[in-house]
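Here our numbering is used: the first residue of the sequence shown is 980, the next is one more, and so on. Here the structure is laid out as structure tokens; the discussion comes afterwards.
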Amino acid sequence: PQHCDMIIRQVHHQTNSYSIIFYLIIISLHHTTHLTIMKSSIVLGGMACIAHCHAFLIPSAQTTSVPMTSRQFTSVLRMTSKEDEAKALLEKVKKMREEIASLEGRSVSEVEEEAAEKTRLKQQRQQEEAAQRLERKKAPKTQSTNGSFLNVPERFDDQVQQAADSVRRAYKDGVTRQVVRFALFPEDEMLNEKERLWPGGAQQMYREAAGPLTRSMMKLVGTSDAFQKCNVTTQDVWDFDGSALVTAESAEGPERDSQALVFPNTDNKYTKDIAEIDKAMGDRLFILVNPFWRDIETWGFNLLAPKAKEMAQKAIFDRDFQETYVLLEKSVRGESCIALKAYPYDWQLYAYAEMDYWPYDETIIYLGSTKEEPTLKDFGDMMSKHEEFKMSKNMRQMQRVMNRNDD
């Protein structure tokens, strides 16, 4: 009882409910050698403390206080742990800012102000982008028939979804022979994240990018909703070429199946395979994924296969394989640029520009659109009209450094 009285007196001077827990633990430790006394002390002390704490925090209430449940008690402990973690994190951030200030010869307050400004600008940019997306959704479809509403798919899943949507739209319009050209990057990376050299050649490109992209797309494309339940299988064509035939078998039956040939090149082997698959597929969907040619002139003249160009013209180009989705990365005047084609829209042109509040981060600037695949001149002319690209990338970086030194 004397311990209960002590807790009650302490509660009258405390507004923080954590003090109750503290004194209960002290009582428990104090009576570890007297188990019976310890249990009675905790029960009596806990009930008295809860009642007095309730009366102290809500003096106007006339109802009887409800005892704290074990779940409530655990919740209080978790709150304490989270507060401790938050304090530790804030302390860590404070030390980091002090180190940055020391290295750059600035005060901590200046570093904190800069960090706050960067956060504010980032939030402002996110709000502006969200508002633009909302406006595009509200705008009538007739205002964006050229495809200006399309976004650059910077993530693996975004590119797969955008490609699948384009293929489905084209197939619905009767285009059964299609060409898809992915921007190749692994699933755990981002578009324009870094320069990719692919030292393993076509095999590595297929294993890490083209294969996963194609299989993911084939799970989504089709002629009906049931197509999403299809079984996707892969058959290697030539392993050293990284080529493969991906088949999506529909639950509705073989008449709904589709196939995609990955990485075909100008070898006669692929020309014959394409002709055979084209004949077997009939009106079903057949896609060429990232073929190693641009047009019929890619074949040139081959002494070992003098009729290769003629065969390709008949098997591929006369069959009217249409590019329904293309995502290209280009370098124009030292700028990282993107060309996007998504059926049935025009080619969309974009370029990356540095952000003023953080030189190592970039934002995507929409440049415009073209009816045909854009040339380097198209990119250059459109970039010249944007203030962000009035100066070259090197000049912008030098100016940023000079401005920083002046500050």
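Each residue gets a CB set at the ideal place from its N, CA and C atoms; glycine is no exception. Values in this document were obtained by computation on a predicted structure and should not be read as measured data.
Please name the residue or residues paired with residue i in a DSSP beta bridge.
i, result
"residue 1329", "1317, 1345"
"residue 1215", "1223"
"residue 1239", "1225, 1266"
"residue 1169", "1134"
"residue 1210", "1228"
What is the rounded straight-line gap between the Cα of residue i and the Cα of residue j?
i, j, result
"residue 1125", "residue 1340", "29 Å"
"residue 1187", "residue 1161", "13 Å"
"residue 1140", "residue 1304", "11 Å"
"residue 1313", "residue 1372", "7 Å"
"residue 1113", "residue 1258", "45 Å"
"residue 1092", "residue 1334", "18 Å"
"residue 1013", "residue 1067", "Low per-residue confidence applies at residue 1013: pLDDT is 42, beneath 50, and the placement is therefore not dependable enough to give any value."
"residue 1073", "residue 1133", "33 Å"
"residue 1275", "residue 1370", "39 Å"
"residue 1359", "residue 1308", "15 Å"
"residue 1381", "residue 1154", "55 Å"
"residue 1145", "residue 1137", "12 Å"
"residue 1178", "residue 1302", "28 Å"
"residue 1368", "residue 1262", "47 Å"
"residue 1110", "residue 1283", "60 Å"
"residue 1082", "residue 1363", "38 Å"
"residue 1366", "residue 1135", "31 Å"
"residue 1379", "residue 1102", "22 Å"
"residue 1107", "residue 1129", "17 Å"
"residue 1285", "residue 1218", "26 Å"
"residue 1306", "residue 1193", "14 Å"
"residue 1063", "residue 1377", "44 Å"
Grab me the residues of residue i's own chain with a C-beta within less than 8 Å of its C-beta, minus the 5 sequence neighbours each way, in chain order.
i, result
"residue 1351", "1326"
"residue 1278", "1245, 1272, 1287, 1288, 1291"
"residue 1269", "1159, 1160, 1161, 1163, 1189, 1241, 1242"
"residue 962", "No information on residue 962 is available, as it lies outside the stretch 980 to 1386 that the chain covers here."
"residue 1172", "1164"
"residue 1184", "1163, 1177, 1221, 1242"
"residue 1065", "none"
"residue 1375", "1333"
"residue 1298", "1156, 1257"
List the endpoints of the continuous alpha helix (DSSP H) containing residue i.
i, result
"residue 1288", "1287-1291"
"residue 1156", "Per DSSP, residue 1156 belongs to no alpha helix (DSSP H); it is in the beta strand (DSSP E), 1156-1160."
"residue 1297", "Careful: residue 1297 lies outside any alpha helix (DSSP H) and carries neither H nor E."
"residue 1369", "Careful: residue 1369 lies outside any alpha helix (DSSP H) and carries neither H nor E."
"residue 1250", "1247-1260"
"residue 1361", "1355-1362"
"residue 1179", "Note, residue 1179: premise wrong, no alpha helix (DSSP H); not H, not E."
"residue 1192", "1190-1197"
Would you check if the distance between the CB atom of residue i and the CB atom of residue j is smaller than 7 Å?
i, j, result
"residue 1225", "residue 1239", "yes"
"residue 1163", "residue 1181", "no"
"residue 1143", "residue 1199", "yes"
"residue 1300", "residue 1156", "yes"
"residue 1331", "residue 1348", "no"
"residue 1227", "residue 1196", "no"
"residue 1353", "residue 1318", "yes"
"residue 1329", "residue 1343", "yes"
"residue 1166", "residue 1191", "yes"
"residue 1267", "residue 1237", "no"
"residue 1209", "residue 1222", "no"
"residue 1311", "residue 1346", "no"
"residue 1294", "residue 1256", "no"
Shorter than 6 Å, the distance from the beta carbon of residue i to the closest heavy atom of the ligand COA, or not?
i, result
"residue 1357", "Ligands displayed in this structure: none; no statement on the ligand COA is therefore possible."
Going by DSSP, what residue range makes up the beta strand (DSSP E) through residue i?
i, result
"residue 1302", "1301-1311"
Near residue i, which residues of its chain fall below 7 Å by C-beta distance, leaving aside the five closest residues on each side in sequence?
i, result
"residue 1220", "1181, 1242, 1244"
"residue 1175", "1164"
"residue 1296", "1275"
Whose C-beta lies closer than 6 Å to the C-beta of residue i among residues of the same chain, with five residues either side of it excluded?
i, result
"residue 1079", "1090"
"residue 1212", "1226"
"residue 1214", "1224"
"residue 1131", "1317, 1329, 1343"
"residue 1357", "1349"
"residue 1147", "1200"
"residue 1001", "The pLDDT assigned to residue 1001 is 46, lower than 50, so where the model puts this residue is not dependable, and the model offers no usable value."
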